[in-house]
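Position 190 of the sequence shown, counting from 1, maps to 185 under our numbering, and the rest follow consecutively. Cβ coordinates follow ideal geometry from the N, Cα and C atoms, glycine included. Here the structure is a predicted model, which is why all the values come from computation and not from measurement. So the structure is just underneath, and the comments pick up after that.
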Amino acid sequence: MAMATRAAYGKVLAEEIYKNPRVVVLDADLGAATQTKNFKKVAPERYFDMGISEQDMVATAAGFATCGKIPIASSFAVFAAGRAFEQARNSICYPNLNVKICATHAGITVGEDGASHQSIEDISLMRTLPNMTVIVPSDAKEAREAVKAAVEHVGPVYVRLGRAAVEDIHGEDYKFELGKGEILREGSDIGIIATGIMVEKALVAAERLAEEKISARVVNIHTIKPIDENLIVETAKRTGKIITVEEHSVIGGLGSAVAEVLAKNFPTPQKFLGIQDRFGQSGTPAALLKEYGLTVEDIINATE
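Now the structure itself:
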């Protein structure tokens, strides 16, 4: 069943995360959109609406962490990573505090809200911060497991969540392991390394490539930092060429992270599918993915 990762986040907050009495949830006047309102229903005494004040929200989350709480702060990614960057840097990452930033509405599939609300640089911003862990779930099940892992992990975590529904990739028995990528399909001719909503499209592309006798390995890198260097290098050695696919700028995101790994360990030809140094614009998610070269067909064409 297709579900947005932000919806899965809201469900796991209300069904499991609230049971931990140390968890507090903060939001910046967007609880209905980020789905943190679900936590408020079951634990209203541990829910704090900070108003339209993302910097205060993140700094307050840092304060909660110094008192032994596990704060989860949420807003749209463009605000959580952008407007509150200084607070994330100096108040959370510098002192290495146990704060989780779960940012929703990331990427161009925010859709009609347009460029001002489409965060295409948040992975780049967050992965530059020392001590910050960065996670980008690919579907609802992975989002649930990622949020649970983030709460269990001691230290700053940024979880990137989307607005639009995505098809299920994982079954109920899926085990999420922080920092470990996942081989979803074996192949030997080319390696397709994807993250977030592009993982499902990479799988569809691989199925169609198989009809043309092209064997594509599909790798899901859900943890951008710390990244699974061993799996990336092993995939490069096995296939000899790599395509990275992300709903994010090709500058500083998954593609850059993979290129850094390969440059240090096993230089390999690589193509970068993502936002090519442009801002977003208003449109339906499907139209925007086509405009920015992030369709199944674009992945297939990149193998040529």
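- Of the residues assessed, residue 40 falls on the exposed side of the cut-off, its CB having fewer than 16 other CB atoms within 10 angstroms.
- With the rule of 3 Cβ pairs closer than 8 Å, the segment 244 to 251 counts as touching the segment 106 to 126.
- Taking a 10 Å sphere around the C-beta of residue 208, we find fewer than 16 other C-beta atoms and assign the residue as exposed.
- As a beta-bridge residue in DSSP terms, residue 237 pairs with 186 and 265.
- A buried status is given to residue 113, since no fewer than 16 other beta-carbon atoms sit within 10 Å of its beta-carbon.
- Distance from the CA atom of residue 0 to the CA atom of residue 252, rounded to whole angstroms, is 23 Å.
- Secondary structure of residue 162 (DSSP, three-state): coil.
- According to the DSSP assignment, residue 98 belongs to the beta strand (DSSP E) that extends over 95 to 99.
- In this structure, the beta-carbon distance from residue 105 to residue -2 does not fall below 9 Å.
- For the beta strand (DSSP E) assignment, the uninterrupted runs of no fewer than 3 residues enclosed by the segment 31 to 56 are, from N- to C-terminal side, 42 to 44.
- Per DSSP, residue 4 is not a residue of any beta strand (DSSP E); the alpha helix (DSSP H) it occupies stretches across 0 to 10.
- Exclusion of the five residues before and after residue 38 leaves 13 as the residues of its chain whose Cβ lies within less than 6 Å of its Cβ.
- Counted as a single uninterrupted DSSP element, the alpha helix (DSSP H) harbouring residue 136 occupies residues 135 to 147.
- Rounded to whole angstroms, residue 25 and residue 183 show a C-alpha spacing of 45 Å.
- Here residue 33 is buried, its C-beta having at least 16 other C-beta atoms within 10 Å.
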